[in-house]
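55 is the number of the first residue of the sequence shown in my numbering; add one for each residue after it.
The beta-carbon is built from N, C-alpha and C at its ideal position, and this holds for glycine as well.
From a predicted model like this one, the values you see are computed outputs, not experimental measurements.
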Amino acid sequence: MTQWTVHGTRRMYESEWMSVDLDDVEVPQGERFEHHVLRLPYPSTAVVVVEDDHVLLMWRHRFTTDAWGWEIPAGRLEAGETAEDAAVRETEEETGYRTEVEPLVTINPLNGISSHVTHIFVGSNAVKTGEHDPAEAAEVRWVPLDEVPAMIRKGLVPCGITLAALTTYLTLRTT
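The following block contains the structure:
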């Protein structure tokens, strides 16, 4: 087995949201160098909410990429919160729907440069409890699941976590 060796870490930046480190690493062939690592103190959650062959999506703008796209509800866990509780809370805060959740998959979205973990759930039995948060989405819509592959091909789903969640859900529901 080949595994990198970490000889040390030097913290370059830290906030309540993240830290950026330079790790002193050595690859199995012997080369040693500094590698940037983004560390987030809390995992995040995301939810594929499905009802009657439709998925709940949010149309939103991301200033970091200056792009619009469809996304599923997602956010970070708060201190002491379970992933399941965070998934339910984030879905309701962002979309105005409360849902029951069950685990789908856990991913490391940027595992080459980040230790971050995202727990993805499937939501069901959605109940409208209020309006969506306009700071989170310009629109919330129930989209037929059979339209999702075409939306992905057209570039309307640019979020990596949303892509991973939707394609995993679509793949596993047919097996």
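Check: Helix, strand or coil at E185 [DSSP, three-state]; Outcome: coil
Check: Unbroken beta strand (DSSP E) run spanning G123, endpoints; Outcome: A121 to E125
Check: For E138 and R152, the rounded distance between their alpha carbons; Outcome: 12 Å
Check: 3-residue-minimum beta strand (DSSP E) runs that sit fully inside the region 100 to 187, ordered along the chain; Outcome: 108 to 116, 121 to 125, 128 to 130, 151 to 161 and 172 to 182
Check: Contact under 9 Å by Cβ, V81 with V60; Outcome: no
Check: Contacting residues, own chain, Cβ-Cβ under 6 Å from S178 (five flanking each side not counted); Outcome: E154
Check: Beta-carbon proximity check, E132 vs A140, cutoff 9 Å; Outcome: yes
Check: Coarse secondary structure for G62, derived from DSSP in three states; Outcome: strand
Check: Status (buried if at least 16 other CB within 10 Å, exposed otherwise) for T99; Outcome: buried
Check: Distance CB(L220)-CB(V109) smaller than 9 Å; Outcome: yes
Check: Residues of its chain near V194, where Cβ-Cβ distance is below 6 Å and the 5 sequence neighbours each way are ignored; Outcome: M112, T149 and H186
Check: Collapsed DSSP secondary structure at P95 in the structure displayed; Outcome: coil
Check: Beta-carbon gap between I206 and E125 smaller than 9 Å; Outcome: no
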